[in-house]
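Q: Quick one: structure below, then a few questions.
Below, the structure written as structure tokens:
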């Protein structure tokens, strides 16, 4: 799994700071590099999923039945 | 049989002997407690040993058997559970520091109650990665569970204590959870058998959650027979788990010896045949050869399935822990904390998209099961790394260990397929794992294949040499 999102120039640190404020998450600045690294990997994973064409009828499987 | 031999006997042997009255449950439990006391300090599998409770229960079982009552299919069998299972009287810590302040559980988890209803005897709670967000078996609060086959190596996680306890011969059965591979990874690293059943098969009531839409509970053991005995004892509807399918019990033990000739078996190719050490594919080939399997199938879009599981896990896990992250972030394992915080920041459409992809992927993989009954794949991309090891080399490229351990397990649990993880010993080195994957609700087929391989001597789970 790559850790490079489609838009590598995206400023994950600025986004993380803004999102932390919105979520009322107090973050020690020392944690930020690891949080940003994790966010980049998650962003890349979400991009990979997002490039797959899905029919509009594909409903979310959040209440999953095998 | 000496007390030392009883400590490492199989569940099936113990249950048969206790039922027949040739040994008492107290002797069995005492032997297990003695071995735990001698061996566990080196392995660090247990976080709680419940000697008083276990001996009292053993005495009740012996008394009842003396009155002529049938003691159950797991009569006198000691077992232990990952410490995310509720145990009456203990706070359910789930590998964390924070949860130790929870009120003691008022009752046992459903699966503990079912195991004990079948005669098994709970002897303790087991170490795990914090809040189950882990593949290593490492825990900064309780210390790492070490691999019984080589104490310098990882046990695998997050059910590291379960794998360590079974492989070290401390108990013949352990219960564990698997969200992305947490039964199958320690089964591979510690050389045990593990069953991750179909999503919705076994009740999760009374267990601390991680990712509700991906969480499974299941048993680990040193033989397929023991795995099936535990699985059979734990099945059945439970209104306390909102995700349980409500199916009636479908015992797997009676069919373990059934004929294999009618089963269509294939090896997973493509994604599951690359990005791993050569030995893991040799282990799959050994199992395939023993089954005369020459067919391969490609599970479509497995990389996207893994990416989706990764996104859903981070987002749902973060949602579960959001208040704790706001108020007590400094008390988390930093590695877990930073993954969860990043997960909390994921935009909702990313998560919804992953859940929609899950619907598509499920349909595509179920189509494969029109053509085959069982699919074989590696459990992990490499044998157990050394404790604390950060990178490994694959095809000359240095890659991080932690994020890659679940490479082959995540695309399977993502759609809730049942898997028996089996141990393969290619040489004198550490064990390897192979996943035997079946269609939903066909745990019986995966167990039958595993049992056949075990009887043929292809797979085995010897007790680690720690004495």
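Protein chains in written order, with my numbering: chain A, 6 to 71; chain S, 866 to 1332. Note that beta-carbon positions come from the ideal geometry of N, C-alpha and C, so glycine has one too. Predicted model only: the values in this text are computed from it and were never measured.
Using 8 Å as the limit for Cβ to Cβ distance, is residue 958 of chain S near chain A?
A: It does not; no Cβ of chain A falls within 8 Å.
Q: Does the Cβ of residue 1253 of chain S have 16 or more other Cβ atoms within 10 Å, making it buried, or fewer, making it exposed?
A: Exposed, since its Cβ has fewer than 16 Cβ neighbours within 10 Å.
Q: What did DSSP end up calling residue 64 of chain A once you bin it into helix, strand or coil?
A: In this structure, residue 64 of chain A counts as coil in the three-state DSSP scheme.
Q: Would you check if the stretch 1158 to 1165 of chain S and the stretch 1126 to 1133 of chain S touch, i.e. whether three or more CB-CB distances between them fall below 8 Å?
A: Touching, per the Cβ criterion.
Q: Going along chain S, which residues have a C-beta under 7 Å from residue 43 of chain A?
A: Near residue 43 of chain A (Cβ distances below 7 Å), the residues of chain S are 1203, 1204, 1207.
Q: How about residue 26 of chain A: is its C-beta nearer than 8 Å to some C-beta of chain S?
A: Cβ-Cβ to chain S under 8 Å: no for residue 26 of chain A.
Q: Determine the contact status of residue 1034 of chain S and residue 912 of chain S, defining contact as a CB-CB distance below 8 Å.
A: The answer is no: Cβ separation not under 8 Å.
Q: Can you give me the Cβ contacts of residue 945 of chain S inside the same chain, cut-off strictly under 6 Å, excluding the 5 residues immediately before and after it?
A: The answer, listed in chain order, is 988, 989, 991, 1030, 1036, 1039.
Q: Where does residue 1123 of chain S fall in DSSP's three states?
A: Here residue 1123 of chain S sits in coil by DSSP.
Q: Please list, in chain order, the chain A residues whose beta carbon lies closer than 7 Å to that of residue 1176 of chain S.
A: Correct list: 47, 50, 51, 54.
Q: Since residue 1095 of chain S and residue 1058 of chain S should fall inside the 8 Å C-beta cutoff, what is the C-beta to C-beta distance between them, to a whole number of angstroms?
A: Actually they are not in contact, since the Cβ atoms of residue 1095 of chain S and residue 1058 of chain S sit about 10 Å apart, beyond 8 Å.
Q: If we define contact as Cβ-Cβ less than 8 Å, is residue 1300 of chain S a contact residue for chain A?
A: So no, residue 1300 of chain S is outside the interface.
Q: I'd like the span of the beta strand (DSSP E) that includes residue 913 of chain S, first residue to last.
A: Note, residue 913 of chain S: beta strand (DSSP E), 911 to 914.
Q: May I ask you to report which of helix, strand or coil DSSP gives residue 1018 of chain S?
A: Strand, per DSSP.
Q: Residues of chain A with a CB under 7 Å from the CB of residue 1190 of chain S: which are they?
A: Per Cβ cutoff of 7 Å: 30.
Q: At a Cβ threshold of 8 Å, is residue 15 of chain A touching chain S?
A: Not an interface residue.
Q: Got a sec: is the Cβ-Cβ distance from residue 9 of chain A to anything in chain S below 8 Å?
A: Cβ-Cβ to chain S under 8 Å: no for residue 9 of chain A.
Q: Per DSSP, residue 1300 of chain S forms a beta bridge with which residues?
A: According to DSSP, residue 1300 of chain S bridges with S:1242, S:1286.
Q: Give me, in chain order, the residues of the same chain whose beta-carbon lies closer than 7 Å to that of residue 1223 of chain S; leave out the 5 immediate sequence neighbours on both sides.
A: The answer, listed in chain order, is 1173, 1279, 1280.
Q: The alpha helix (DSSP H) that contains residue 1333 of chain S, what's its start and end?
A: Not covered by the structure: residue 1333 of chain S. The range shown for chain S is 866 to 1332.
Q: Give the residues of chain A in contact with residue 1227 of chain S, contact being defined as C-beta atoms less than 7 Å apart.
A: Correct list: 66.
Q: Determine which residues share a DSSP beta bridge with residue 1130 of chain S and list them.
A: Paired residues: S:1239.
Q: Do the stretch 1267 to 1274 of chain S and the stretch 1075 to 1082 of chain S make contact, defined as three or more Cβ pairs closer than 8 Å?
A: The answer is no - the stretch 1075 to 1082 of chain S does not touch the stretch 1267 to 1274 of chain S, with fewer than three Cβ pairs under 8 Å.
Q: Select from S:1140, S:1064, S:1092, S:1137 the residue whose C-alpha is nearest the C-alpha of residue 1107 of chain S.
A: Nearest C-alpha to residue 1107 of chain S: S:1064.
Q: Are there three or more Cβ pairs, one per stretch, closer than 8 Å when the stretch 883 to 899 of chain S is compared with the stretch 931 to 946 of chain S?
A: Judged by Cβ distances under 8 Å, the stretch 883 to 899 of chain S makes contact with the stretch 931 to 946 of chain S, as three or more pairs qualify.
Q: By DSSP, does residue 48 of chain A sit in helix, in strand, or in coil?
A: The answer is helix: DSSP assigns residue 48 of chain A an H, G or I state.
Q: If I'm right that residue 1088 of chain S touches residue 1263 of chain S with Cβ under 8 Å, what's the distance once you round it to whole angstroms?
A: So it is not a contact: roughly 38 Å between Cβ atoms.
Q: Should residue 1110 of chain S and residue 1066 of chain S be called a contact, given that it needs their Cβ atoms to be closer than 8 Å?
A: Yes; because the gap between Cβ atoms is below 8 Å, this pair is in contact.
Q: Round the Cβ separation of residue 983 of chain S and residue 1098 of chain S to the nearest angstrom and send it over; I've been treating them as touching at under 8 Å.
A: Correct: roughly 4 Å between the Cβ atoms.
Q: Does the pairing of the stretch 8 to 18 of chain A with the stretch 1177 to 1186 of chain S give three or more beta-carbon distances under 8 Å?
A: Flag = no, the stretch 8 to 18 of chain A and the stretch 1177 to 1186 of chain S do not touch.
Q: Check the DSSP bridge columns for residue 1257 of chain S and list the partner residues they point to.
A: Answer by DSSP bridge pairing, in chain order: S:1264.
Q: In chain order, what residues of the same chain lie with their CB nearer than 7 Å to the CB of residue 1146 of chain S, ignoring the 5 residues before and after it?
A: The answer, listed in chain order, is 1138, 1243.
Q: Pick out whichever of S:1205, S:1233, S:985, S:1042 has its Cα sitting closest to the Cα of residue 920 of chain S.
A: Taking only the C-alpha atoms, the option nearest residue 920 of chain S is S:985.
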